[in-house]
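The numbering of the sequence shown is my numbering, which starts it at 58 and goes up by one.
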Amino acid sequence: MIGRLLAALTALACSTSPASPYFDTGNSLYELCQSPRTYQVCLGTIIGHYDMLLANGYDCGPDNQRTKQQIMDIVVKYLKDNPAERSDVAALATYKAMTAAFACKQLPK
């Protein structure tokens, strides 16, 4: 019994990703966005990043002309096209993707 538990714990420890200083990296977000099972988590995470961008004083143009799906598609495409940047914090990928797609600018305070 203890041997089985030890084997299971060892397998689990070996199968986890390397430690990251962030909750979500671009790699983990990209992985979430590849599966229909985790589509809602992907969408919610990206929209949360986008909402924080706006809450921190950025203007990304008329939001009534874009959908959540469009925002998610832009971020996923950014992650796909920039694999070298996926080890960074996931919110940074959303920032870069939105800034490139919609010319987001920080409003003066």
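From the three backbone atoms N, C-alpha and C, an ideal C-beta is built for every residue, glycine too.
Given the structure is predicted, the values throughout are model-derived calculations rather than measurements.
Closest residue to residue i among the options (Cα-Cα distance)
i: N84; options: F159, T151, T156; result: T151
i: K153; options: Y96, V98, Y115; result: Y115
i: Y135; options: Y96, I103, Q97, D120; result: I103
i: E88; options: R123, M155, P140, P119; result: P140
i: R123; options: Q163, Y107, A112, R143; result: Y107
i: D120; options: D81, F80, K166, A158; result: A158
i: T95; options: M109, L111, T156, M129; result: M129
i: L164; options: C117, E142, V133; result: C117
i: C90; options: K162, F80, V132; result: V132
Any non-hydrogen atom of the ligand NAP closer than 6 angstroms to residue i Cβ
i: A112; result: As for the ligand NAP, it is missing from this structure, which has no ligand bound.
Integer-rounded CB distance, given that residue j should sit under 8 angstroms from residue i
i: A147; j: L86; result: 4 angstroms
i: K137; j: L100; result: That belief does not hold up - the Cβ atoms of K137 and L100 are roughly 16 angstroms apart, past 8 angstroms.
Extent of the continuous alpha helix (DSSP H) to which residue i belongs
i: A154; result: 147 to 159
i: G83; result: 83 to 89
i: Q127; result: 125 to 138
i: D108; result: 96 to 112
Under the three-state DSSP convention, the category residue i falls into
i: K162; result: strand
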